[in-house]
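Using UniProt numbering, read the sequence shown as starting at 1 and increasing by one per residue. Just so you know, even glycine gets a beta-carbon here, dropped at the ideal spot from N, CA and C.
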Amino acid sequence: MKRFHVHIAVDNFQDNIRFYSALFGVDPAITKTDYAKWMLDDPFINFAISARGTKSGLDHVGIQVDSNEALNEMNQRIAQAELPATEQKSAQCCYATSNKYWTIDPQGIAWEVFHSLTTIPTFGQDAPVPVKAESCCAV
C-alpha cells in the first residue's frame, strides 16, 4: 500500500498545528517540539509540518511504502523517468529510521520515496537532495 506524503516547513508551529488539526478534523498522530505528523486515512496521506529554521512553504512531497520491495519498485520507476536518485539506508530523520530514495522532478520539487522501519526519539538529520540538472537548452 502506498501513502502520499507532503512535508511543509512552517513559521508559527502552534498556529499551524491548530489549522491543520481543524482542517483534517483530527489531532496529529505524532507531535514533537518542532515536528507534527498526521497519518490520515481519508484522504490517504502522511502530512507533516516542521519548524526547523528552513524557508517556510513546501519542503518536499513523496510516497510512503510498506516494504523494502515496494521501495525498490519505486526506485525503478524513478530510474525509468530518467531522474537522478540518492539512496539513504537507515536514514534517521523526522523521528523515524527509514530506507529512502530522493529525487528532483522536472520542476525542481524534491520527492522522497521511503519505507519507515522504526521511530526514534530525535528529529535526526535532514536528507541531502540531489541537485536538479540544468536543461541542455536553457537560455
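Out of curiosity, what's the CA-to-CA distance linking residue i and residue j?
i	j	result
M1	V65	6 Å
D11	D59	13 Å
T54	I8	10 Å
N68	N99	8 Å
P121	Q80	36 Å
A96	L117	7 Å
Q92	N46	17 Å
E112	Q88	10 Å
I17	Y101	28 Å
M74	S90	17 Å
L83	G108	11 Å
P43	F24	9 Å
S21	H115	25 Å
S50	D105	22 Å
I78	T33	34 Å
G124	L40	23 Å
C94	Y35	7 Å
For residue i, write down the residues that DSSP places opposite it in a beta bridge.
i	result
N99	H115
M39	N46
I8	I49 and L58
I120	None, per the DSSP bridge assignment.
T31	A36
For residue i, count neighbouring C-beta atoms within 10 Å of its own C-beta (all shown protein chains included) and say buried if the count is 16 or more, exposed if not.
i	result
K37	buried
L71	buried
G62	buried
V26	exposed
A29	exposed
T119	exposed
Identify the continuous beta strand (DSSP E) that holds residue i and give its terminal residues.
i	result
N16	No beta strand (DSSP E) contains N16, which is instead part of the alpha helix (DSSP H) from F13 to F24.
Q107	Premise fails: Q107 is in no beta strand (DSSP E) and is neither H nor E.
T86	A85 to C93
Taking residue i as part of the alpha helix (DSSP H), name the residues at either end of that continuous run.
i	result
A70	N68 to Q80
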